[in-house]
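Residue numbers (my numbering), protein chains in the order written: chain W, 1 to 331; chain Y, 332 to 649; chain L, 650 to 992. Just so it is clear, CB atoms sit at the ideal spot from N, CA and C, and this is done for glycine as well. In this text the structure is predicted, and so the values were computed from the model without any measurement.
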Amino acid sequence: MSEARAPAERGGAGGVSLRRLLRRPEAPALVFLVVLVAAFTLANDRFLQVGNLESILASVAVLGVIALAVNQVILCGEIDISTGSMLGLCAVAAGAVATSAGGLLLPLLAGVAMGALAGAVNGFLVTVGRIPSIIVTLGMLYALRGVILLVTGGTWITGIPNETRVLGIGKVFGLGYPVIVLLLLFVVMELVSRHSTWGRNVFAVGGNRRAARFAGLPIDRVRFLAFVLVGVFVGIASVIYMGRAGSVQTNTGAGLELQVVAAVVIGGTSISGGRGSPLAALTGAVLIGVILNGLVLLGVPGIWQDAVLGGLILLAITTDVLRRRLVGDKA
Amino acid sequence: MSAATAVLRRLRFSREVVLLGVLIALVVVMTLLDPLFLSPTTLLNTSRFFVEVGLMALGMTLIIITGGIDLSVGSNLGLVSVAVGFSYAAGLPLPLAILFGLVVGVAAGFFNSVFITFLDLHPLVVTLGTFALFQGLAYGLSNADAVSDFPAWFAYFGQAYLGPVPGQLILFVVAVAVVWVILSRTSFGRYVYAIGNNEEAARFSGVPIRRVKIALYSGTGLLVAMAAVIYTSRVYTARADTGLGLELGVISAVVLGGASIYGGSGTIGGTVLGVLIIATLQNGLILAGVPSTWQLFILGVLLLVAVFLNEFFRKSEE
Amino acid sequence: MFGSARKLKVVSTTLLAALVAVVASCGVGQPPSQGGGGGGEGPAKVCMMPKLVGIPYFNASEKGAEEAAKELDVELVYDGPTEAKAALQSQMIEQFIQQQCGAITVAANDPNALAPAMKKAGEAGIATGAWDADVAPDARDIFVNQATFQAIGYEVVDVMAEQTDGKGEFLVVTGSLTAPNQVAWLKEMRERMKEKYPDMSIASVEPGEEDLQLGIDITKNYLRAHPDTAGVFGITSVALPGAAEAVEQAGLEGKVAVTGLSTPSEMRPYLNSGAVEKFVLWNPVDLGYLAVYVANAQIEGNMPKSGTFEAGRLGKVKMLAEDEVLLGPPLVFSKENIDEYDF
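What follows is the structure, given as structure tokens:
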């Protein structure tokens, strides 16, 4: 909770000290990112080409958009590991509308609506059902994947019209739409997280639930909205995904949930809640994209990807704990 | 006080009795759908499929009672399978390879416990990380390949019979007995419940929390390794993806059996019933001709319903 | 407190019983299994397992299988795991055995992993077979092959050579580096290049793991890193559309040739956009159809040992060996003929 007040403090005290900057939760990840980019550029100068950088950002756009929302869920002390199957289901909904009605707005609405519905189920089960979020989202991960298989009967959705694919492959002034959407949503989340009542409540609920309850905060509503937000963002991401891939497979999104949590945690948001920011989620997503891209450029076989991801998660949470002990944080 | 104890005892009996009732109901339904379901051969064959999940569920029960969780058991299984198969293919004699696999399983569990106890990290995110790490190591070290030319006697673990009874079922029964004794008759078992009920209070009463947790996660690692050897022997192939997705079934069985995900309660009997119910459901559905695409959905819903009921009625108890 | 104990019992029993009832109702529509193993009263039962369910290729073979089952008046069970994992298939085979199938035929994710289960089926008197991807030969009675590895590998290379003047360096995107049929095709492709197109060579082989987005990203990254690649082979039904999509997104249609193995339904948009001129496959509908005919012949005991085998509307198909039936030569699809097929 002390972190949530930090921005205001910073403005008041005359200038930003380096130490205070380094205390921000995103600091280690950002430093790591800069170091990594430098290292990869030295190893292969094709890394720093605009085309490659833009491609990295585009490839993590889906991951980043979802991570921005899951970040809020983790901040308020819960977790969501159903996002992979949710992406598939939203893509199926959006794809079905796209192939029958065309356009961009209707498929987008379909995807967002489906996501919001799934997110609402998650939120309902966690708040009213009082089931721990790890179990709810684990069950939903499998149940939703089953729904996808049942609804599609195993057939892919192909032939997505070009106007629907705009968010995936369209460009504006040379910048791809996925990147634009990602950065736009990032700015929105930064504003919401710091300046909206809900955003500040998320920190409070995650930082110390009991205190938040005594303070009279609407804990259930705060958490419920966080899960619905995940659904909405997954819906948006599904249209980006569909645009980039051109068709919807039955296993769309499989394994994504792990990368999303990894991005949030690696970027600096604490898994116990109350500490972190949208910047952490974005940094984490970009970091993962850079690492995976870098691995390919270095010729590391793809089968080692999961090991790298797992190792990074452990490294990130360990560093966070060690950092807090060294710096002497009370949080 | 004694009236309350009597009622509490009845409540505890209630949960297991309800589960037993559900199991019987399921068996009846499955038999109606397929008369051959109730034949001894079919039942015994069904038992071969749930031993691996059952062994892991035993360890998971204790972990969940302490309020922790272990999402890495499935990946650990794949890692052990690869360790056994590929060290054998590299030239290690098979008995040593199997021993090596067991060591790897325990080491993996110990690895989890280090992060959880010494660094005080939340088991959820630690085992999420090791879920990816172990799986990735298994894929990478095996190069996504498989080892299949084991000597004939290796099939013994997963495919042998003692009379009409599958060998691994006997092993499972022994394991259930051992863990049950540990949990309900030893001070170690009392420590486990104490940690789950209130870790701070347990620490003040002198419970060696760190040692207990290390033992729990490492012990689960051993159970996972045993399950891995049986599974590998049953399908006669060592592959990295052997255990993928099994953690859902394991956690579902424990939760279905009555353990609270917040810790403090749970029994071996309940877990065993949970394992049996899920196995009956899975096997019965396939025998009845229900396409496997329904299974994912049903399992996910089952987990949600089971936990909901657990927590809903736990609240009304208080 | 007394009341809540009883309430606990009653309500939780009711809810769990309701769950059981809902689940049971899923199975009510299915006919219960009957008869002994391998023949007996009632229609013959053929149990057929794809590598996995949920991809268009295996949906197509299911259609063919159902067509044959109807013509022959046999009962067909077509089911497989939801992921392409041999361990899951092995368990399902054992469950098929319990279902008293007359014949079990499987498209194997791993030829050796399924051997014990298939052997068990054989010992139970069930006719055993494989289709699309073989199991270890001593674990099954017969293999229904869609096309020889050689025919497939050669055809794919020939199609590419047409478009690239028989020269250049190529990327191959495959499924996994260890899937036996993919490994075999690669070997034949290399041989064809060596003997007929010495100026063609395979520069790199990347696994796309049956993930469409991954295939797209791999191809895009590779083409960016190796701009004078002459063409891309996508040798699985997921890798090829991925490669085509990548080439299209990079604006390289016509400059980088793309071909490989996939289904018409997935490739139609790319034939229209010009990213792909021709691609190769066989007819999975026919393959499924043939597999059921063979399984039925096994049950009835009149499977020939050599020469040709009469299979309904397919006419006479060749027997490559006593235990191998061949569907036929691979099919080459292009804009001209793609509309004749709807799988």
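Taking all protein chains shown into account, do 16 or more other C-beta atoms lie within 10 angstroms of the C-beta of Q259 (chain W), making it buried, or fewer, making it exposed?
For the purposes of this step, residue 259 (chain W) is taken as residue 259 along the first sequence, with counting starting at 1. So Q259 (chain W) counts as buried.
Hey, could you find the ends of the beta strand (DSSP E) E818 (chain L) is sitting in?
As a position in the third sequence, residue 818 (chain L) is number 169, starting the count at 1. Where E818 (chain L) is concerned, the enclosing beta strand (DSSP E) stretches over 817-823.
Assuming G185 (chain W) is part of the alpha helix (DSSP H), what are its boundary residues?
Within the first sequence, numbered from 1, the residue matching residue 185 (chain W) stands at position 185. With the sequence shown as reference, residue 185 (chain W) is identified as Leu, and Gly is not the correct amino acid for it. Residues 177-195.
Is there a C-beta anywhere in chain W that falls below 9 Å from the one on D451 (chain Y)?
For the purposes of this step, residue 451 (chain Y) is identified with residue 120 of the second sequence, where counting begins at 1. With 9 Å as the cut-off, D451 (chain Y) counts as an interface residue toward chain W.
So what's L634 (chain Y) in DSSP terms, helix, strand or just coil?
As a first step, residue 634 (chain Y) is located in the second sequence; it is residue number 303 there, counting from the start. If DSSP states are grouped into helix, strand and coil, L634 (chain Y) belongs with the helices.
Smallest Cα separation from L863 (chain L): which of L:D848, L:G891, L:F882, L:K845?
For the purposes of this step, residue 863 (chain L) is taken as the residue at position 214 of the third sequence. Looking at the Cα atoms, L:G891 is the closest of the given residues.
Do you know how far the Cα of T137 (chain W) is from the Cα of F639 (chain Y)?
Sequence index remark: in the second sequence, residue 639 (chain Y) carries index 308 (1-based). Sequence index remark: in the first sequence, residue 137 (chain W) carries index 137 (1-based). Approximately 13 Å between the Cα atoms of the pair.
Under the three-state DSSP convention, the category K965 (chain L) falls into
Position 316 of the third sequence, counting from 1, holds the residue named residue 965 (chain L). Residue state, collapsed to three classes: strand.
For S583 (chain Y), which three-state DSSP category applies?
As a working note, residue 583 (chain Y) is residue 252 in the second sequence. Three-state result, S583 (chain Y): helix.
Mind checking if S430 (chain Y) is an interface residue toward chain L, Cβ cutoff 9 Å exclusive?
Counting from 1 along the second sequence, the entry for residue 430 (chain Y) is found at position 99. According to the sequence as given, residue 430 (chain Y) is Leu; it is not Ser. Not closer than 9 Å to any Cβ of chain L, the Cβ of L430 (chain Y) fails to qualify, so no.
Looking at chain W, which residues of the stretch 460-486 of chain Y have a Cβ within less than 8 Å of any of its Cβ atoms?
G460, T461, F462, A463, L464, F465, Q466, G467, L468, Y470, G471, N474, A475
What residues of chain W sit near V854 (chain L), judged by a beta carbon separation below 8 Å?
Translated into the one-based positions of the third sequence, residue 854 (chain L) becomes position 205. Neighbours of V854 (chain L) on chain W: none; closest Cβ ~11 Å, over 8 Å.
In the DSSP output, what is P497 (chain Y) paired with across the bridge?
To locate residue 497 (chain Y), count along the second sequence from 1; it is residue 166. According to DSSP, P497 (chain Y) bridges with Y:Y492.
How close, in whole Å, do the beta carbons of L68 (chain W) and L282 (chain W) come, if the pair is a contact with beta carbons under 8 Å?
Position 68 of the first sequence, counted from the first residue, corresponds to residue 68 (chain W). Position 282 of the first sequence, counted from the first residue, corresponds to residue 282 (chain W). That pair is a contact at about 7 Å.
Select from W:P218, W:T250, W:R275, W:R323 the residue whose C-alpha is nearest the C-alpha of G95 (chain W).
As a first step, residue 95 (chain W) must be located in the first sequence, where it is residue number 95. Of W:P218, W:T250, W:R275, W:R323, the residue nearest in Cα terms is W:T250.
Excluding the 5 residues preceding and the 5 following D80 (chain W) in the sequence, name in chain order all residues of the same chain whose CB lies nearer than 6 Å to its CB.
As a position in the first sequence, residue 80 (chain W) is number 80, starting the count at 1. Cβ within range, chain order: V70, V73, T137, V230.
Assign M291 (chain W) to one of two classes, buried (16 or more other C-beta atoms within 10 Å of its C-beta) or exposed (fewer than that).
Position 291 of the first sequence holds residue 291 (chain W). According to the sequence as given, residue 291 (chain W) is Ile; it is not Met. By the 10 Å Cβ count, I291 (chain W) comes out buried.
Classification of F173 (chain W) by the beta-carbon crowding that lies within 10 angstroms, buried from 16 upward:
Against the first sequence, residue 173 (chain W) aligns to sequence position 173. Exposed, by the Cβ-count rule.
List the residues of chain Y that D728 (chain L) touches, going by C-beta distances under 7 Å, in chain order.
The residue labelled residue 728 (chain L) in the question sits at position 79 within the third sequence. Those within 7 Å of D728 (chain L) in chain Y are P622, S623.
Contacts around L721 (chain L), its chain only, beta-carbon distance under 6 Å, and the 5 residues preceding and following it disregarded:
Translated into the one-based positions of the third sequence, residue 721 (chain L) becomes position 72. Cβ within range, chain order: N945.
7 Å Cβ shell around Q817 (chain L) - same chain, five flanking residues per side excluded
Counting from 1 along the third sequence, the entry for residue 817 (chain L) is found at position 168. Inspection of the sequence shows that residue 817 (chain L) is occupied by Gly rather than by Gln. Hits under 7 Å: M849, A879, G880.
Could you tell me if Y487 (chain Y) is buried or exposed, where buried requires 16 or more neighbouring beta carbons within 10 angstroms of its beta carbon?
For this step, residue 487 (chain Y) is matched to residue 156 along the second sequence. Per the 10 Å Cβ criterion, exposed.
Rank L:S853, L:D781, L:P765, L:E772 by C-alpha distance to the C-alpha of R565 (chain Y) and give the top, closest one.
The residue given as residue 565 (chain Y) occupies position 234 in the second sequence. Proximity to R565 (chain Y) across L:S853, L:D781, L:P765, L:E772 peaks at L:P765, based on C-alpha coordinates.
Between L976 (chain L) and chain Y, is the shortest Cβ-Cβ distance under 9 Å, so that the two count as touching?
Here residue 976 (chain L) is taken as the residue at index 327 of the third sequence, counted from 1. For L976 (chain L), the answer is no, since every Cβ of chain Y falls outside 9 Å of its Cβ.
Cα separation between L433 (chain Y) and R210 (chain W)?
Within the second sequence, residue 433 (chain Y) is the residue found at index 102, counting from 1. Within the first sequence, residue 210 (chain W) is the residue found at index 210, counting from 1. Computed Cα separation, rounded: 43 Å.
Given a threshold of 16 other Cβ atoms within 10 Å of its Cβ, counted over all protein chains shown, does Q49 (chain W) qualify as buried or as exposed?
For the purposes of this step, residue 49 (chain W) is taken as residue 49 along the first sequence, with counting starting at 1. When all chains shown are included, Q49 (chain W) counts as exposed.
Supposed close pair G310 (chain W), A29 (chain W) - CB separation, criterion 8 Å
Within the first sequence, the letter at position 310 stands for residue 310 (chain W). Within the first sequence, the letter at position 29 stands for residue 29 (chain W). With 8 Å as the limit, G310 (chain W) and A29 (chain W) do not qualify as a contact, their Cβ atoms being about 17 Å apart.
Between P907 (chain L) and chain Y, is any beta-carbon pair separated by less than 9 Å?
Numbered from 1 along the third sequence, position 258 holds the residue referred to as residue 907 (chain L). The question names Pro, but residue 907 (chain L) is Val in the sequence shown. False, the Cβ-Cβ gap to chain Y never drops below 9 Å.
At a Cβ threshold of 9 Å, is A263 (chain W) touching chain L?
In the first sequence, counting from the first residue as 1, residue 263 (chain W) sits at position 263. For A263 (chain W), the nearest beta carbon of chain L is not closer than 9 Å to its own beta carbon.
DSSP on P856 (chain L), reduced to helix/strand/coil?
Reading the third sequence from its first residue, position 207 is the one you call residue 856 (chain L). Strand at P856 (chain L).
Which parts of the stretch 521-574 of chain Y are runs of the alpha helix (DSSP H), unbroken and 4 residues or longer, counting only runs that do not cross its ends?
530-535, 540-566
Chain W contact for L863 (chain L) (CB, 9 Å cutoff):
The residue you call residue 863 (chain L) lines up with position 214 of the third sequence. It does; some Cβ of chain W falls within 9 Å.
Compare the beta carbon distance of A477 (chain Y) and T827 (chain L) with 9 Å and say whether it is the shorter of the two.
For the purposes of this step, residue 477 (chain Y) is taken as the residue at position 146 of the second sequence. For the purposes of this step, residue 827 (chain L) is taken as the residue at position 178 of the third sequence. The criterion of a C-beta distance shorter than 9 Å is satisfied by A477 (chain Y) and T827 (chain L).
With T754 (chain L) as the anchor, note down where its beta strand (DSSP E) starts and where it stops.
Within the third sequence, residue 754 (chain L) is the residue found at index 105, counting from 1. Segment 752-755, the beta strand (DSSP E) holding T754 (chain L).
When the Cα atoms are used, what is the spatial distance from N358 (chain W) to V286 (chain W)?
For chain W, the structure presents residues 1 to 331; residue 358 (chain W) sits outside this window and is missing.
To which residues does DSSP link F982 (chain L) through a beta bridge?
For this step, residue 982 (chain L) is matched to residue 333 along the third sequence. L:F928, per the DSSP bridge assignment.
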